[in-house]
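Student:
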Amino acid sequence: MLVLGIETSCDESGVALVDAAGQGRPRLLAHALHSQVKLHEAYGGVVPELASRDHVRRIVPLLRQVLGDAGRTLDQVELVAYTQGPGLAGALLVGAGVAEALGAALQRPTLPVHHLEGHLLSPFLGSPQPRFPFVALLVSGGHTQLMRVHGVGRYELLGETIDDAAGEAFDKSAKLLGLGYPGGPALARLAEQGRDDAVALPRPLLHSGDLDFSFAGLKTAVMTRLRGFGPAPTPTQRADLAACAQAAIVDVLVAKTLRAMKDSGLPQLVVAGGVGANRRLRQQLDAAAARRGFVVHYPPLDLCTDNGAMIAMAAAMRVQAGLAQARRGGSFEVRPRWPLAQG
Ligand code: KG4
Ligand code: ZN
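According to our numbering, the sequence shown is numbered sequentially starting from -19.
(1) Does the beta-carbon distance from Leu167 to Phe150 come in below 7 Å?
(2) Is the beta carbon of Gln3 closer than 7 Å to that of Gln300?
(3) Would you call the segment 246 to 254 in contact with the segment 168 to 183, where contact means no fewer than 3 C-beta pairs closer than 8 Å?
(4) Any idea which residues DSSP pairs Glu172 with across the strands?
(5) Any contact between the segment 90 to 103 and the segment 12 to 19? By contact I mean 3 or more CB pairs, one from each, below 8 Å.
(6) Out of curiosity, what's the CA-to-CA distance linking Val333 and Arg218?
(7) Thinking Val255 and Ser102 are a contact (beta carbons under 8 Å), I'd like their distance in whole angstroms, please.
(8) Would Lys236 and Leu170 qualify as a contact pair, given that the criterion is a beta-carbon distance under 7 Å?
(9) Can you tell me whether Glu148 is buried or exposed? The criterion is at least 16 other CB atoms within 10 Å of its CB, across all chains shown.
(10) Thinking C-alpha only, which one of Ala223, Asp266 and Val115 is nearest Val129?
(11) Buried or exposed for Leu54, going by 16 or more other Cβ atoms inside 10 Å?
(12) Tell me whether Ala116 sits in a helix, a strand or coil according to DSSP, three-state version.
(13) Report yes if the C-beta of Ser102 is less than 6 Å from at least one heavy atom of the ligand ZN; otherwise report no.
(14) Just how far apart, CA to CA, sit Gly75 and Arg7?
(15) Can Ala321 and Leu118 be called in contact, C-beta distance under 7 Å?
(16) Going by the beta-carbon positions, is the gap between Leu281 and Ala289 smaller than 7 Å?
(17) Sort Glu(-13), Pro279 and Ala304 by Cα distance to Arg38 and report the nearest one.
(18) Would a C-beta distance cut-off of 7 Å place His35 and Val26 closer than the cut-off?
(19) If you draw a straight line from the C-alpha of Gly309 to the C-alpha of Glu29, how long is it?
(20) Taking 7 Å as the CB-CB cut-off, is Leu137 touching chain D?
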């Protein structure tokens, strides 16, 4: 079964083709991505209207590219999957509209996919693949969640952020340091040049005894420290603050994840979402895994952030698990706010 995946929830247009034969492992045939970083850079963040318009421009050329790379034709596509939410309403509508139009024109079923389920299952695009059940740390721009994943579609929420997401903490700290958008990778780069013990920053909820997170206070602490440096912080002070902010975020993520691993007794951890690309987070989780004897699975580095491959993969896995409620024509909707799992 040839599955087309379309992702347009935020600032990346992604298209991919996955081949899923019977119950065999779905295989990524090709994927293409257009990042809107340059488009939004000047504004210091994503401008929703510009994002939607750019998705309109990009999707069809990306689709042509993917079909060419995979050596397939449009009429061979058997299922059209797309991100239904969560995300920016206008941006989601572009992907949903294109997917539903393709489905109608090709007379093929469509399948709306949850963006976070795409992230959660993205390590199945790598090798070796994880095996159910596992603990998942989902760290994207808008979500920070620990989950017990029993199987496809069976997601038990263990803990989540009560305010800002880890990605937001990276982005907001970066903005305070004048690093612009996208903040996470920029802060991580600056942090490489700083000392992670130069200034004391809080580790919110570190000892709360549960698996919830809180990152809003960290942003305030970064702001206060920055002001303490006076009107013109030196490059060293800025790099130190970046290193300390990154260390604070990563420390909390790692501590809570280790607690979840211990509580669950499961031998596998999956880390997914944009912050999963962070090198310090990966190093610390890998070191802890080696010490404690569990295995960590990440998606391939270029598939940590948003992409169409994870949407096609999640769709293929839902079909194989007998969970897909494929649609045929009719009206459709997007779900800008949509929880993946309940506790
Ligand atoms: O999963 P994602 O691409 O989009 C959402 O679904 O939100 O995650 C984007 C988030 C942003 O907050 C971005 O700053 C962060 O992931 N991010 C990183 C890194 N790469 C992306 N944060 C820290 N270190 C990185 N290397
Ligand atoms: Zn995402």
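Using N, Cα and C, we set each Cβ at its ideal position, and we do this for glycine too.
Tutor: On the basis of the supplied data:
(1) yes
(2) yes
(3) no
(4) None; Glu172 has no bridge partner.
(5) Judged by pairs of C-beta atoms under 8 Å, the segment 90 to 103 does not touch the segment 12 to 19, as fewer than three such pairs exist.
(6) Lying outside -19 to 323, the shown extent of the chain, residue 333 is not represented and no answer is given.
(7) Rounded, the Cβ-Cβ distance is 13 Å, inconsistent with contact.
(8) no
(9) By the 10 Å Cβ count, Glu148 comes out buried.
(10) Answer by Cα proximity: Val115.
(11) exposed
(12) Strand, per DSSP.
(13) no
(14) Cα to Cα, Gly75 sits roughly 22 Å from Arg7.
(15) no
(16) Cβ atoms of Leu281 and Ala289: not closer than 7 Å.
(17) Glu(-13)
(18) no
(19) 27 Å
(20) Here there is only one protein chain, and chain D is not present.
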